[in-house]
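These notes concern the structure reproduced below.
Numbering (full-length UniProt numbering), first residue to last: 1 to 544.
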């Protein structure tokens, strides 16, 4: 219907064609827009696969249990999340999904699924999700463990590899580790007559800490052995590992972060101040003596800090500051000490519970080393049963039961499921190492012979290539100190087993020995192993 025009307006001297009148133009514009929209819809329809008549369905998310409002599945984890997640895998599958507050989380609970993430999608999961521990303890992500993947992270890792963890550096520091093992034996001898026994894990911790301290800062941390300072330091490390193992509600529910409902952040800040004073002490006592010519890591880093960045690759141009030094030292003293001593303590507990295995290992040590000296690292390649015992200990008691979390940089597909960007990945290392599908019906038994030549798992190692046994992790975020830790655990365990027989105290029998776990970032014993050492070598072996 034509629009009525006001009579007080003049008629245009050039009347518009009917097709260009305002009414007609509105109509034509609508037709044009409608046609364009139809073309766009058709194009999108075609691109999504509808044009061929076969719509490509959107991949499903992994299955998982229903969670609580706001908190998601956090209240369901319990005090041993690795146990809870193993049970959930039996209900929902070996790749399942959880919700921690507003964060989407997927859990890998089999070697196959872990390999799918850590091999095929390793690059996509190279970063860590934000967390309060990295912010408040690890110098706001300036350390090696939680630093974003990139040039700075590579520079820190390269530095550690060159001066601590390469084959050349490890061999150069061999006498350091052996001397600390010998000093541990001397301390144990002096306590062998005590009817109350001793906490062997504490002794192993002093050994591991002093060896690493000599390599990292050029001096022992505990000059007096197991004194008050040693106990305080171990308590600090254990507290940090326990706090780091807590799923902090404030990390997953931003609206509750300011409340710190579990008190985790407040404890982290207090603990950080104690560590920071310790790290400041290492640096300040060095003063102006560090010129970059020292052999320990602190000397090297202080020297680099005072020099211009060298020319070279991107990571070679990184200049470190004092906070970088403290953050890296913090990593070394936390990740490289308690993980070692707790594994040694678990190994000795299992051997005491299995006296036939203990005697077999002592027989091998006597054959290779004899009874006139202590074990050295040059003996280790010949001790095949010892290597099997260490692997079996890592299998049943991995130092880190749940992997440190990683986060997806982009959407990806894993085993037929859609894994959205920003999803957090957890690998249940503990459950994978107890999976009957990989390990057989005797999966819960301490049986080192499975790793011997001719055994069911003779070719499996712990260095990240066999996903059924990954106590140090796998992929590009694998533990940087793997080689050091493996040598230290092996040498310390060999020394304790070779130099002493072991008796339990307070009428405890091997059959009743408490093997309960205390969960944290590392897997501690709930009850420390209290034992009495009994020398078994020639007297001359203890004086060399």
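A virtual CB, placed ideally from N, CA and C, is assigned to each residue, including glycine.
Item, Value
"DSSP three-state call for residue 128: helix, strand or coil?", "coil"
"The beta strand (DSSP E) with residue 107 in it runs from where to where?", "103–108"
"Check residue 161 in the structure and name its three-state DSSP category.", "helix"
"Taking only three categories from DSSP, how would you classify residue 518?", "strand"
"Pull up the distance between the alpha-carbon of residue 203 and that of residue 532, whole angstroms please.", "12 Å"
"Could you round the C-beta distance between residue 62 and residue 76 to whole angstroms and report it? I think they count as a contact, below 8 Å.", "Between residue 76 and residue 62 the Cβ distance is about 16 Å, and since that is not below 8 Å, they are no contact."
"Can you tell me where the alpha helix (DSSP H) holding residue 184 begins and where it ends?", "174–190"
"Which residue's Cα is closest to the Cα of residue 137: 351, 271, 150?", "271"
"Taking Cβ positions, are residue 102 and residue 246 nearer each other than 9 Å?", "no"
"Leaving out five residues on either side along the sequence, give the residues of the same chain with a beta carbon under 7 Å from the beta carbon of residue 415.", "95, 113, 116"
"May I ask you to verify whether the stretch 360–368 touches the stretch 322–334, counting CB pairs closer than 8 Å and requiring at least 3?", "no"
"Give me whichever residues DSSP pairs with residue 544 in a beta bridge.", "Per DSSP, none; premise fails for residue 544."
"Which term fits residue 124, buried or exposed, when burial requires 16 or more other beta carbons within 10 angstroms of its beta carbon?", "buried"
"Across which residues does DSSP place residue 501 in a beta bridge pair?", "534"
"Expressed to the nearest angstrom, what Euclidean distance is found between the alpha-carbon atoms of residue 259 and residue 250?", "8 Å"
"Is it buried or exposed for residue 175, if we count other Cβ within 10 angstroms and need 16 for buried?", "exposed"
"Nearest CA to the CA of residue 541: which residue from 126, 144, 186, 159?", "186"
"Measure the beta-carbon distance from residue 192 to residue 534 and round it to whole angstroms, keeping in mind my assumption that it falls under 8 Å.", "7 Å"
"If you draw a straight line from the alpha carbon of residue 108 to that of residue 372, how long is it in whole angstroms?", "48 Å"
"Check residue 382 in the structure and name its three-state DSSP category.", "helix"
"In the DSSP assignment, what are the bridge partners of residue 413?", "418"
"Within a Cβ cutoff of 7 Å, which residues of the same chain sit near residue 354, ignoring the five residues on either side of it in sequence?", "446"
"From residue 326 to residue 207, what does the alpha carbon distance come to, in whole angstroms?", "22 Å"
"Looking only at C-alpha atoms, which of 503, 194, 538, 411 sits nearest to residue 60?", "411"
"Kindly give me the distance between the Cβ atoms of residue 340 and residue 388, rounded to whole angstroms, as I take these residues to be in contact under 8 Å.", "Actually they are not in contact, since the Cβ atoms of residue 340 and residue 388 sit about 19 Å apart, beyond 8 Å."
"DSSP three-state label for residue 243, please.", "helix"
"Shortest alpha-carbon distance to residue 266 belongs to which of 514, 239, 283, 284?", "239"
"Beta-carbon within less than 8 Å of residue 79's beta-carbon, same chain only, minus the 5 sequence neighbours each way: which residues are those?", "519"
"Residues in the same chain with beta-carbon distance under 6 Å from residue 92, minus the five sequence neighbours each way, listed in chain order, please.", "63, 64"
"Contact between the stretch 155–167 and the stretch 492–508: three or more CB pairs below 8 Å?", "no"
"Assign residue 391 to buried or exposed, taking buried as 16 or more other Cβ atoms, counted over all protein chains shown, within 10 Å of its Cβ.", "buried"
"Using the C-alpha atoms, what's the distance from residue 331 back to residue 568?", "Residue 568 falls outside the range modelled here, since the chain spans only 1 to 544, and no answer is possible."
"With a cut-off of 8 Å, do at least 3 Cβ pairs link the stretch 269–285 to the stretch 125–132?", "no"
"Hey, residue 376 and residue 105 are a contact pair by Cβ (cut 8 Å); roughly how many whole angstroms apart?", "That belief does not hold up - the Cβ atoms of residue 376 and residue 105 are roughly 45 Å apart, past 8 Å."
"Alpha carbon to alpha carbon, how far is residue 219 from residue 296?", "9 Å"
"Do residue 499 and residue 537 have their C-beta atoms within less than 9 Å of each other?", "yes"
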